[in-house]
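Quick note: the sequence shown, position 1, residue 1 per the UniProt record's numbering, numbers continuous.
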Amino acid sequence: MAIPERFSNLPDYAFPRLRALLSGINPGLNDGESPAVLTIGEPRHAMPDFVAGVMAAHIGGFAKYPANEGTPGLLEAVSGWLSARYGLDVMPDRIMALNGTREGLFNAALALCPERKNGARPVILIPNPFYQVYAVAAAALSAEPVFVPATPETGNLPDYASLPAAVLDRTAIAYLCSPANPQGAIADRDYLERLIALADRHDFLVFADECYSEIWRDAPPPGALAVATDMGLADRVVIFNSLSKRSNLPGLRSGFVAGSPANIAQIRRLRAYAGAPLSLPSQAVSEAAWRDEAHVIASRALYQQKYAIADRVLGNVPGYRPIQGGFFLWLPVEDGEEAARTLWARAGIQVLPGAYLSREVDGFNPGRGFVRVALVADAAETEAALRRLRAVLYDGMTDGEG
């Protein structure tokens with residue numbers, strides 16, 4: 001049986017492409033050096049010390065079917081966190097627990113994207129580069145993906161307002177990631193207000209992927225739902241967040257989606273038929289994590305330490321932009337694939353070519369001249385790897401530490 005064309009046109013996922021790119025190349029290491037894998041955004045800071053105890057106390061929950069939308073305790077914990085973090089009054093019926101935000105970012109599109117918009121095929125707006133699930137959601141719906149450059153010239157955020165009105169009038173969903181993966185840019189309040197007003201004017205939803213919201217340099221990023229609520233337009237925004245980055249629990253596969261009662265009701269309805277709820281022990285751990293901020297503050301301090309290291313080691317590289325949020329460096333190179341091969345062959349460092357996180361549109365791939373570097377190792381490993389990286393990629397382009 002033939003693969004549906006809407007999926008056959010998708011490129012291979014980034015990490016299999018990277019394995020193929022580096023296949024047959026031996027890592028170049030000096031005595032005493034180890035390979036440095038800086039590709040995947042998997043936090044390596046310690047997970048909260050209460051996790052094992054909470055899991056053990058609720059181990060019997062594996063013998064029961066879990067609550068589909070989330071246990072009352074978990075939904076109340078998320079509601080309380082939204083209140084403390086953003087000043088939002090979001091009742092539990094406006095929240096649903098997710099089996100990781102990737103599930104939510106995909107299934108929410110299935111639940112909320114119409115089959116037609118203004119009598120035509122709907123459009124889904126996607127920043128370019130982007131988290132790949134956005135494009136797969138569009139493909140599953142046979143919606144038209146419109147990839148909008150998020151480059152240094154646009155502040156590394158998509159300028160959706162620059163699109164023709166004919167495109168915006170067919171738009172059903174606009175994805176936004178802030179802090180951005182991979183560029184680390186933050187959508188400030190003015191940006192969010194303009195985007196939400198645009199969504200209201202052209203009748204579409206903003207899907208705000210805020211998984212990196214608790215990892216920031218100077219000040220907590222504003223939340224899209226909080227901004228929309230202040231504007232009286234809360235029904236225009238659906239937000240997604242996770243414990244993977246906030247709490248260093250990527251294997252827990254736990255997040256949430258929140259929005260208007262009508263939008264969440266539709267997402268919950270789909271979950272009832274085709275969802276994958278979290279186990280009860282996982283929901284108990286999640287509840288404890290959303291109720292605790294001490295571990296988040298400690299982890300954020302470690303990332304801020306690594307921001308300072310990156311600034312010191314790479315700060316005077318032409319085109320270097322300090323991370324504002326999240327934990328990825330988006331480093332300028334001539335060609336991302338060639339840089340990745342060179343780094344592995346000469347320094348034993350793995351990075352991800354930016355083109356693997358982007359799409360070519362009209363002959364232009366906005367990620368081609370970049371590599372993504374994950375700052376997930378500890379400070380000492382990070383500094384050693386960045387110094388090796390600088391020596392290979394930027395020798396002669398810097399004149400000492402910035």
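For each residue, glycine too, the CB sits at the ideal point set by N, CA and C.
- Judged by DSSP secondary structure, I323 falls outside any alpha helix (DSSP H); it is assigned neither H nor E.
- DSSP places D209 inside the beta strand (DSSP E), whose first and last residues are 205 to 209.
- Here DSSP, grouped into helix, strand and coil, assigns Y394 to coil.
- Restricting attention to beta strand (DSSP E) runs no shorter than 3 residues, the stretch 262 to 322 encloses none.
- The C-beta distance from F147 to N118 rounds to 21 Å, too long to fall under 8 Å, and the pair is not in contact.
- Distance between P221 and I186, taken at the CA atoms: about 7 Å.
- Taking C-beta separations shorter than 6 Å and ignoring five residues to either side along the sequence, the partners of A345 in its chain run I25, G28, following chain order.
- Cβ contact annotation for L110 (same chain, cutoff 8 Å, sequence separation greater than five): A137, A140, L141, L270, in chain order.
- Between the C-alpha atoms of G251 and G184 there is a straight-line separation of about 23 Å.
- Ranked by Cα distance from L75, the first of A166, L329, W290, I349 is W290.
- Rounded to whole angstroms, the gap between the alpha carbons of P332 and S247 is 30 Å.
- For M47, the secondary structure class from DSSP, reduced to helix, strand or coil, is coil.
- C211 and E5 have their C-alpha atoms some 31 Å from each other.
- For I196, the enclosing alpha helix (DSSP H) begins and ends at 189 to 202.
- Here E287 is buried, its C-beta having at least 16 other C-beta atoms within 10 Å.
- L357 sits away from G369, with the two beta carbons spaced by 7 Å or more.
- For the 7 Å CB-CB criterion, V237 and L225 form a contact.
- For a cut-off of 8 Å, the C-beta gap from V373 to V392 is around 12 Å, too long to register as a contact.
- With respect to the 7 Å criterion, L125 and T154 are not classified as neighbours on the basis of their beta carbons.
- Between P72 and the set A63, I95, Y86, H58, the nearest pair of CA atoms involves I95.
- Proximity of the stretch 96 to 104 to the stretch 254 to 274 meets the contact definition, three or more beta-carbon pairs being nearer than 8 Å.
- Three or more Cβ pairs closer than 8 Å define a contact, and the stretch 75 to 89 falls short of that threshold against the stretch 300 to 317.
- Nearest neighbour of R19 by Cα position, chosen from A347, E337, G363, turns out to be E337.
- Of E214, N263, C113, the smallest CA-CA separation from S242 is found for E214.
- Among the bridge pairs identified by DSSP, A120 is matched with K117.
- Between Y134 and D235, the alpha-carbon positions lie close to 20 Å from each other.
- For M231 and W330, the gap between their C-alpha atoms comes out near 33 Å.
- P179 sits away from G354, with the two beta carbons spaced by 7 Å or more.
- Looking at the DSSP output, R372 shares a beta bridge with W330, L352.
- For the 7 Å CB-CB criterion, I239 and A265 do not form a contact.
- The straight-line gap separating the alpha-carbon atoms of L21 and A308 is approximately 31 Å.
- For T171, the uninterrupted beta strand (DSSP E) segment begins and ends at 171 to 177.
- Non-local C-beta neighbours of E42 in its own chain, meaning closer than 7 Å and more than five positions away in sequence, comprise P250, V376, ordered along the chain.
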